[in-house]
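Going line by line, the protein sequences match chains A and B. Numbers 1 to 295, taken from the working numbering, label the letters of the first sequence in order. Numbers 1001 to 1279, taken from the working numbering, label the letters of the second sequence in order. The C-beta atom is built at its ideal place from N, Cα and C for all residues, glycine as well.
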Amino acid sequence: MAGSTTMNGLAGSSEVRPRHATESLPFRWLWITIALLFVGLILILPLVTVIYEGLKKGVELYLTALIEPDAISALKLTLLVALIAVPLNTLFGVAAAWTITKFQFRGKNILLTLIDLPFAVSPVISGLVYVLLFGARGWFGPFLEANHLQIVYAVPGIILATTFVTFPFVARELIPLMQAQGKQEEEAAASLGAKGWHIFWHVTMPNIKWGLLYGIILCNARAIGEFGAVSVVSGHIRGETNTLPLHIEILYNEYQFSAAFAVASLLVALALVTLVAKSLIERRQQRAAARNRMN
Amino acid sequence: MTKLKSKRIRVLPGFGLTLGYSIFYLSIIVLIPLASLFVETANASWDKIWQTISDPRVIASYRVTFLSAFYAAVINVIFGLLLAWVLVRYKFPGKKLIDGIIDLPFALPTAVAGIALTAIYAENGFIGKLFAPLGIKIAYTQIGITIALIFIGLPFVVRTVQPVLQELDREIEEAAVTLGAYRWRTFRSVILPELTPALWTGFALAFARAIGEYGSVVFIAGNMPFKTEIAPLLIMTKLEQFDYAGATAIALVMLLSSFVMLLVINFLQWRSQHQAISE
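Shown next, in the form of structure tokens:
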């Protein structure tokens, strides 16, 4: 164990390194200080601000803002949207990763690029395209109107726009992971007569479960927090087509700052849970990778 | 014959099913909706499109959007490099925590970031208060927009530079030192060239994201036409007036510039991979 680091050619601890191979101590602390100040100012201060502003006018007002009917219905709608969009994109992510990493076919790179498309599109445009399709003056507008169906400015539109925006997350996480793992194990299982679903569940799944979980968590965080796209296709009807981020916007624009920040603190909690889950999963993956190297 | 051949190539099952489903789902969720944008443009008269995108207010909004995105991306490249450097090379208490919090902008809903930043940089806010006596307004100016975009773009730069810095072969660096190079020279002529592709990629990713950003910007921008009105907001305004063609025209210009950025990113990644292979 002890010899393995030197064997890998990793230069050991800093004592053996010649002078000038790293910065002098004062410079090191200067860079660390600047970096920490920047992180504190840009990333940590906003977090603290949300909690502080939410609680500024007392715990009672904070709690009232959370259990108010409009907030509850916004929470319910947000969860419903995530509950539909995330599984849909997970199914797609697994299918796309399987097809891209286990097979050779023409146009694979085009498919890869197209999967990334929603990342390159402004959230506002992601909402706009659904208005063009399903809005009153859109392609399907007359048809929908004749049948008394409503998609945009209603819940289905919110679900569609959220699905669009969170489309690449799971696929993006799985493809590099499954690429790195190759397909020998699956091929061995297939040659032993295992069927497709069986191979996926018992051979592939154990290798990708943490990456998959991370993709789902990221997808979920974005689905719950999406603002721009949802804002375009939501009718902004309180208690009906308001998700949590839209509810925050309404409160804020009505100068109910404490209430806005109280609801925002829920989403801060979600963000922190996402970050913690991410680092736990990464640690697990590193440990698994280390185990594989040892074997 | 063909059966035998296909059997030899595809040992694993599920190719048709997964490829078919992927393409089907991609089409209904992404491709057909995006195509509507182009069809809408094709149906509109060129006069109308040109009239929209040459409107001084629209041009001003592009200026605000692209300039703020550019400033923010430049600042993110500088501080992103510093952060990646500090996280890879140094040891200090709380390092794991800082490393974890870098991804916050990916996880925090943009609207939350928007109202928090506005509260901080408004004239009575924690930091706005410090600058108000100097006559400097941050919130509701382009500075505020840029700060929101710095928040949004930071992880893109850190997370593209970090792995490259981690993999960097320190023996070359040490060789430079043995040859008598001082630290700054080693950094500039040995380390920086290795990091340049990653820095460009990070810049492009942060810039592309900033162009389209809406949620974190609308609150802090103040949304004054000609001054602090961003292009995504104008799309929103046009839609509220049921001016579909106008909204589409503005969107198309943004979309095309995003695609160009995406192509540049792919080219840079392809080039850096190519370099890695040829070495």
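Element boundaries [alpha helix (DSSP H), containing residue 1031 (chain B)] | Where residue 1031 (chain B) is concerned, there is no enclosing alpha helix (DSSP H), given that its DSSP letter is neither H nor E.
Since residue 1112 (chain B) contacts residue 248 (chain A) with CB under 8 Å, what's their CB separation in whole angstroms?
-> 7 Å
Where the alpha helix (DSSP H) containing residue 102 (chain A) begins and where it ends = 69-102
Residue 209 (chain A) lies in the alpha helix (DSSP H); which residues open and close that run?
-> 205-225
Sequence-distant residues of its chain with Cβ nearer than 6 Å to residue 1208 (chain B) (five each side left out) | 1258 and 1261
Kindly provide the ranges of any beta strand (DSSP E) runs that are 3 or more residues long and lie completely inside the region 127-199 of chain A, ordered along the chain.
-> none
In three-state terms, what does DSSP make of residue 1168 (chain B)?
-> coil
Burial state of residue 86 (chain A) (16 or more Cβ within 10 Å) | buried
What's the C-alpha gap between residue 279 (chain A) and residue 1100 (chain B)?
-> 7 Å
For residue 65 (chain A), which of A:270, A:259, A:292 and A:273 has the nearest alpha-carbon?
-> A:259
Is there at least one Cβ from chain B nearer than 9 Å to residue 76 (chain A)'s Cβ?
-> no
In chain B, which residues lie less than 7 Å from residue 42 (chain A) when you measure between Cβ atoms?
-> 1150, 1151 and 1154
When B:1164, B:1183, B:1226 and B:1181 are compared against residue 1197 (chain B), the one with the closest alpha-carbon | B:1164
So, does the CB of residue 1235 (chain B) fall closer than 9 Å to a CB anywhere in chain A?
-> yes
Note down, in chain order, all residues in the region 1243-1267 of chain B with a beta-carbon under 8 Å from any beta-carbon belonging to chain A.
-> 1244, 1247, 1248, 1251, 1254, 1255, 1258, 1259, 1261, 1262 and 1266
Residue 1069 (chain B) beta carbon less than 9 Å from that of residue 1181 (chain B) = no
For residue 1122 (chain B), which residues of its own chain have a beta-carbon under 6 Å away from its beta-carbon, when the five flanking residues on both sides are left out?
-> 1128 and 1139
Can you tell which of A:22, A:40, A:68 and A:142 has the C-alpha that lies nearest to the C-alpha of residue 1120 (chain B)?
-> A:40
Can you tell me where the alpha helix (DSSP H) with residue 1059 (chain B) in it begins and where it stops?
-> 1056-1089
Delimiting residues of the alpha helix (DSSP H) encompassing residue 1050 (chain B) = 1046-1053
Cα-Cα separation between residue 262 (chain A) and residue 255 (chain A), rounded to whole angstroms = 13 Å
Applying a beta-carbon distance threshold of less than 8 Å, which residues of chain B neighbour residue 196 (chain A)?
-> 1012, 1013 and 1014
Within 10 angstroms of the Cβ of residue 237 (chain A), are there 16 or more other Cβ atoms? Answer buried if so, exposed if not.
-> exposed
Compute the distance between the beta-carbons of residue 1056 (chain B) and residue 244 (chain A), then report whether it is under 9 Å.
-> no
Nearest-angstrom Cα separation, counted from residue 103 (chain A) out to residue 1125 (chain B) = 56 Å
Is residue 1235 (chain B) near residue 1251 (chain B), with beta carbons less than 9 Å apart?
-> yes
Could you give the distance in angstroms between the alpha-carbon of residue 1253 (chain B) and the alpha-carbon of residue 122 (chain A)?
-> 11 Å
Unbroken alpha helix (DSSP H) run spanning residue 1224 (chain B), endpoints = It is not in any alpha helix (DSSP H) - residue 1224 (chain B) carries neither H nor E in the DSSP assignment.
Using a beta-carbon distance below 9 Å, is residue 1129 (chain B) in contact with chain A?
-> no
Below 8 Å, can you find three or more Cβ-Cβ pairs linking the region 223-231 of chain A to the region 52-66 of chain A?
-> no
CB-CB under 7 Å to residue 1228 (chain B), same chain, minus the five flanking residues each way: which ones, in chain order?
-> 1064, 1140, 1141, 1142, 1145, 1221 and 1222
Could you check what DSSP says for residue 236 (chain A) in three-state terms: helix, strand or coil?
-> coil
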